[in-house]
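Protein chains in written order, with my numbering: chain A, 52 to 159; chain B, 17 to 230; chain C, 43 to 160. No residue lacks a Cβ here, since even glycine has one placed at the ideal position from N, Cα and C. Being a predicted model, the structure only gives us computed values, none of them experimental.
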Amino acid sequence: MNQSSELLTRLPNDIGGLPGQPVKKVDHVLEPWEKRCHALADVLDFHKIINTEEKRRGVEDLGSEIDSAESYYERWITAFTNILFQKGILTPEEFARKMDEVAARYAK
Amino acid sequence: MEHSTAVHVHSPSEASSAPLSYYEVMETAIQELLIQKQLIGAGDIRRQIEVLDSRTPALGAKVIARAWVDPEFRSRLLANGRTACEELGITFYDDTKLIVLENTPKVHNLIVCTLCSCYPRPVLGLPPDWYKLPPYRSRAVIEPRAVLAEFGTVIPDDVEIRVSDSTAAIRFLVLPVRPEGTENYSEEQLAALVTRDAMIGVVPATIDTARSRK
Amino acid sequence: MQPVQKRGSKAPTVFTGIVLAEGEAPIFEVGEHIRVLTRSPIGHYRVPQYVRGKRGVVEAIMPIRELDNEQEAFGRNAGSKRHYYRIALPMKELWLQYTGSPRDGLRIEVFETWLERN
Numbered sequence: 052m053n054q055s056s057e058l059l060t061r062l063p064n065d066i067g068g069l070p071g072q073p074v075k076k077v078d079h080v081l082e083p084w085e086k087r088c089h090a091l092a093d094v095l096d097f098h099k100i101i102n103t104e105e106k107r108r109g110v111e112d113l114g115s116e117i118d119s120a121e122s123y124y125e126r127w128i129t130a131f132t133n134i135l136f137q138k139g140i141l142t143p144e145e146f147a148r149k150m151d152e153v154a155a156r157y158a159k
Numbered sequence: 017m018e019h020s021t022a023v024h025v026h027s028p029s030e031a032s033s034a035p036l037s038y039y040e041v042m043e044t045a046i047q048e049l050l051i052q053k054q055l056i057g058a059g060d061i062r063r064q065i066e067v068l069d070s071r072t073p074a075l076g077a078k079v080i081a082r083a084w085v086d087p088e089f090r091s092r093l094l095a096n097g098r099t100a101c102e103e104l105g106i107t108f109y110d111d112t113k114l115i116v117l118e119n120t121p122k123v124h125n126l127i128v129c130t131l132c133s134c135y136p137r138p139v140l141g142l143p144p145d146w147y148k149l150p151p152y153r154s155r156a157v158i159e160p161r162a163v164l165a166e167f168g169t170v171i172p173d174d175v176e177i178r179v180s181d182s183t184a185a186i187r188f189l190v191l192p193v194r195p196e197g198t199e200n201y202s203e204e205q206l207a208a209l210v211t212r213d214a215m216i217g218v219v220p221a222t223i224d225t226a227r228s229r230k
Numbered sequence: 043m044q045p046v047q048k049r050g051s052k053a054p055t056v057f058t059g060i061v062l063a064e065g066e067a068p069i070f071e072v073g074e075h076i077r078v079l080t081r082s083p084i085g086h087y088r089v090p091q092y093v094r095g096k097r098g099v100v101e102a103i104m105p106i107r108e109l110d111n112e113q114e115a116f117g118r119n120a121g122s123k124r125h126y127y128r129i130a131l132p133m134k135e136l137w138l139q140y141t142g143s144p145r146d147g148l149r150i151e152v153f154e155t156w157l158e159r160n
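Given below as structure tokens:
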């Protein structure tokens with residue numbers, strides 16, 4: 052099978068049974084933004100804007116490179132942004148302008 | 017261009033002088049845009065954080081302890097995990113159902129979500145990182161005994177290990193075996209013996225509270 | 043359709059002749075031997091590759107019919123619902139080289155459209 056089609060037919064998160072490292076019992080206290088991000092997921096679901104299954108699919112759609120490079124909640128917020136664009140709720144331009152505004156606000 | 021009524025999210029980062037990370041800026045931006053467009057309420061996220069903060073393993077421990085002392089509650093719990101939790105005031109803020117998996121001298125249950133991080137959040141709170149990371153997710157379904165051994169748990173060969181992989185709208189909670197020597201324990205004392213990891217199934221509940229703490 | 047009154051004052055009325063919509067009745071029964079299908083969706087799925095083509099037994103029928111999660115992920119989150127089945131699969135069936143106890147097994151919920159009789 053062509054290697055690129057394997058990237059399609061096995062989602063990056065479908066790892067059950069694949070070889071793995073020893074389990075390191077790591078944990079961390081959530082950063083405030085991570086907790087807000089988790090709450091945002093629940094709020095988006097509650098308001099029927101992005102349901103949980105759409106979120107999962109959005110994370111899968113990031114593909115294996117971003118999936119490995121981003122942390123758990125980084126994947127979520129990226130997926131939400133993409134899905135909001137796809138649904139026509141936000142545009143890349145208004146998102147980019149808001150990013151600059153927020154970054155400038157806290158840069159001082 | 018949209019004229020925004022400057023929506024500022026009250027983020028704890030406001031107090032610190034460190035610049036925000038790219039993703040922190042992204043989260044703030046998305047939240048503010050959604051509030052500006054009135055798709056979510058200004059207080060919705062803060063409220064949901066309070067909901068999340070109120071869900072900890074102490075809730076699950078109470079459910080387990082009640083099941084240990086009350087056989088009829090135990091039956092109801094095994095028949096319908098969600099409604100039994102709701103009897104104790106543990107509401108489910110999402111659409112998931114709960115199946116409680118009873119450990120016995122012959123069966124040891126373990127829960128995992130190989131595809132993502134499904135976890136009984138309404139009754140246990142948020143899962144630990146190791147539960148969400150690849151090593152546990154990939155190996156729990158193919159070599160559960162080796163994974164359990166990494167947690168210090170050795171299950172004899174004549175005991176069946178059942179691994180439940182959450183893929184749909186059902187969540188799982190392990191009902192550990194009640195430790196020996198706890199016949200005279202109060203429900204509160206019993207709850208103190210039940211750790212999050214015992215309710216995931218990677219360790220048993222033991223009478224040694226110092227070792228089983230966390 | 044005719045109501046059929048059972049004997050006894052508290053007996054419920056049972057109707058005959060009611061036609062069920064597609065997907066309303068579960069196709070598989072508890073204890074039935076099934077096989078997970080082997081098709082290869084892309085885009086989104088919730089049946090992991092490691093269970094596809096494997097044979098097991100229906101341990102339970104999830105009582106509330108639910109949406110097809112492969113469709114729900116694309117916003118198709120209303121309308122037809124079917125049953126999910128909790129399937130018991132022996133570890134030996136899943137993994138040729140399984141080294142644990144022969145009693146060990148997996149439990150997983152699988153949507154009705156992913157199963158066939160074995």
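Contact of E105 of chain A with chain C by beta-carbon distance below 7 angstroms involves A115 and G117. Approximately 6 angstroms separates the beta-carbon atoms of V128 of chain B and R153 of chain B; this is inside 8 angstroms, confirming the contact. For I129 of chain C, not one C-beta of chain A is nearer than 8 angstroms to its own C-beta. Taking 8 angstroms as the CB threshold, P90 of chain C lines the interface with chain B. Under DSSP, P132 of chain C shares a beta bridge with C:G147. Between L55 of chain B and H98 of chain A the beta-carbon gap is near 7 angstroms, inside 8 angstroms, which marks them as a contact. Within its own chain, no residue has a Cβ closer than 8 angstroms to the Cβ of P73 of chain A once the five positions on either side in sequence are excluded.
In this structure L148 of chain C is buried. Its beta-carbon is surrounded by 16 or more other beta-carbon atoms within 10 angstroms. Taking 8 angstroms as the threshold, the shortest C-beta distance from A58 of chain B to chain A does not fall below it. Look at the stretch 90-116 of chain A: the residues with a C-beta under 7 angstroms from a C-beta of chain C are N102, E104, E105, R107, R108 and E111. Identification of chain C residues near L131 of chain B by a Cβ-Cβ cut-off of 8 angstroms yields R88 and P90, ordered along the chain. Against chain B, the beta carbon of S143 of chain C has neighbours under 9 angstroms at R161, I171, P172, D173, D174, V175, E176 and I177, listed in chain order. Between V170 of chain B and the set B:V219, B:V85, B:N96 and B:T211, the nearest pair of CA atoms involves B:V219. Close to T132 of chain A, with beta-carbon spacing below 7 angstroms, are these residues of chain B in chain order: M42 and I46. Distance between K138 of chain A and G117 of chain C, taken at the CA atoms: about 10 angstroms. Taking every protein chain shown into account, the CB of D112 of chain A has 16 or more other CB atoms within 10 angstroms, so this residue is buried.
Non-local C-beta neighbours of I128 of chain A in its own chain, meaning closer than 6 angstroms and more than five positions away in sequence, comprise C88, ordered along the chain. Bridge partners of I115 of chain B according to DSSP: B:F188.
Chain A has no Cβ within less than 8 angstroms of the Cβ of S122 of chain C. Here V89 of chain C has V78, V152 and W156 as same chain residues with Cβ atoms under 7 angstroms from its own Cβ, once five neighbours each way along the sequence are excluded. Three or more beta-carbon pairs separated by less than 8 angstroms link the stretch 134-147 of chain B to the stretch 70-90 of chain B, which places the two stretches in contact. In this structure S182 of chain B is buried. Its beta-carbon is surrounded by 16 or more other beta-carbon atoms within 10 angstroms. Around L79 of chain C, no beta-carbon contact reaches into chain B at under 8 angstroms, the shortest distance being about 15 angstroms. According to the DSSP assignment, E158 of chain C belongs to no alpha helix (DSSP H) but to the beta strand (DSSP E) extending over L157 to R159.
Around the Cβ of D60 of chain B, a 10 Å sphere holds 16 or more other Cβ atoms; the residue is buried.
Here S180 of chain B carries a strand assignment [DSSP, helix/strand/coil].
The stretch 76-87 of chain A makes no contact with the stretch 58-72 of chain C, as fewer than three CB pairs between them are under 8 angstroms.
Around the beta-carbon of Y147 of chain B, 16 or more other beta-carbon atoms lie within 10 Å, marking it buried. Interface flag for D69 of chain B against chain C is unset, since no Cβ pair is found closer than 8 angstroms.
Shown in chain order are the members of the stretch 139-167 of chain B whose Cβ falls below 9 angstroms from a Cβ of chain C: V157, I158, E159, P160, R161 and A162. By the Cβ neighbour-count rule, F57 of chain C is exposed, with fewer than 16 other Cβ atoms within 10 Å of its own. In this structure, the straight-line span from the alpha carbon of R194 of chain B to that of L136 of chain C is close to 31 angstroms.
Burial of A83 of chain B is indicated by the presence of at least 16 other C-beta atoms within 10 angstroms of its C-beta. By the C-beta criterion, the stretch 162-179 of chain B is judged not to be in contact with the stretch 99-109 of chain B, since fewer than 3 inter-stretch pairs fall below 8 angstroms. In the structure shown, Y126 of chain C falls within a strand segment according to DSSP collapsed to helix, strand and coil. Three or more beta-carbon pairs drawn from the stretch 208-223 of chain B and the stretch 175-192 of chain B are found closer than 8 angstroms, and the two stretches are therefore classed as touching.
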